[in-house]
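Have a look at the structure below before the remarks.
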Amino acid sequence: MTDIDIDTALIGAALRLAGESGWSRVSVVDAARAGDVPLAEARSRFPNKATILLRFGALMDRLALAEEPEGPVKDRLFDLLMRRFDAMQEARPGVLSVMRALPLNPLLALALAHQTERSMRWMLQAAGAMVDGPRGELQVKGLVAVWLWTLRAWERDTSEDMSGTMAALDAALLRAEQVAGWLGMGAASAASEVGAPEEAAEADASFAGEADASGSDA
1444 MTDIDIDTAL IGAALRLAGE SGWSRVSVVD AARAGDVPLA EARSRFPNKA TILLRFGALM
1504 DRLALAEEPE GPVKDRLFDL LMRRFDAMQE ARPGVLSVMR ALPLNPLLAL ALAHQTERSM
1564 RWMLQAAGAM VDGPRGELQV KGLVAVWLWT LRAWERDTSE DMSGTMAALD AALLRAEQVA
1624 GWLGMGAASA ASEVGAPEEA AEADASFAGE ADASGSDA
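Take the sequence shown: its letter number 122 is residue 1565 in this note's numbering, and every next letter is one higher.
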């Protein structure tokens, strides 16, 4: 099995188990056995349970970046972020279980919030927006706000085609673009205008990161 095969199998099994019995009852060993992953390989790739969520974020980014987006920056960002939501939708019960459990683990939530920022930086670069310097940092924070706002909509969206999620994402990107634009200053204001509450950042940033267990860039 390749590293990607191992990650896909174990993460998929872990989220299935979480959907069935709750995230708190999932262990790396249980997920490895359920996913037919050798325990030695699981130990190497997933030294702790938190790594499952970090690598899930990496897989979402991998899927989002598999094809080059086209069109204006706003359209590219819409496509990239919806690809990440598509990946989450496939494991919806498990993802929702994790989201319910995350407030009980603030340290993990904080680590995942940090990875959210790194992931959104990748999405912006892929869309052709700036990420360097003070302006770039504001752009990243603005897109983090867009992601968190849309994540709340996805949590409530029970439609099969995620129409509610798509509408929320489109509206959030449009608001951010109107407030600041994706190539200029003011994305911090966009973060405020979009409306993602600050206290939701840690709890809702569960599946964003492009990271490995040590938190190093992939």
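In this text, a Cβ means the ideal position worked out from N, Cα and C, and glycines have one as well.
Ala1570 places its beta carbon 7 angstroms or farther from that of Leu1508. Boundaries for Phe1489: no alpha helix (DSSP H) harbours it, and the DSSP string shows neither H nor E there. By the Cβ neighbour-count rule, Arg1498 is buried, with 16 or more other Cβ atoms within 10 Å of its own. Val1574 and Arg1561 do not touch by the CB rule: their CB atoms are close to 10 angstroms apart, not below 8 angstroms. The continuous alpha helix (DSSP H) containing Glu1560 extends over residues 1549-1570.
In the same chain as Arg1527, and ignoring 5 residues on each side of it, the C-beta atoms closer than 6 angstroms to its own belong to Met1503, Ala1507, in chain order. Classified as exposed, Met1444 has fewer than 16 neighbouring CB atoms from the shown chains inside 10 Å of its CB.
Rounded to the nearest whole angstrom, the C-alpha separation of Thr1608 and Ala1477 is 31 angstroms. Counting C-beta pairs closer than 8 angstroms gives three or more between the region 1477-1486 and the region 1452-1459, which meets the contact rule. By the Cβ neighbour-count rule, Ser1540 is buried, with 16 or more other Cβ atoms within 10 Å of its own. A distance below 7 angstroms between beta-carbons, with the five flanking residues on each side excluded, links Ala1614 to no residue of its chain. Taking Glu1620 as the centre and dropping the five residues before and after it, the same chain places the C-beta of Lys1517 closer than 7 angstroms to its C-beta, in chain order.
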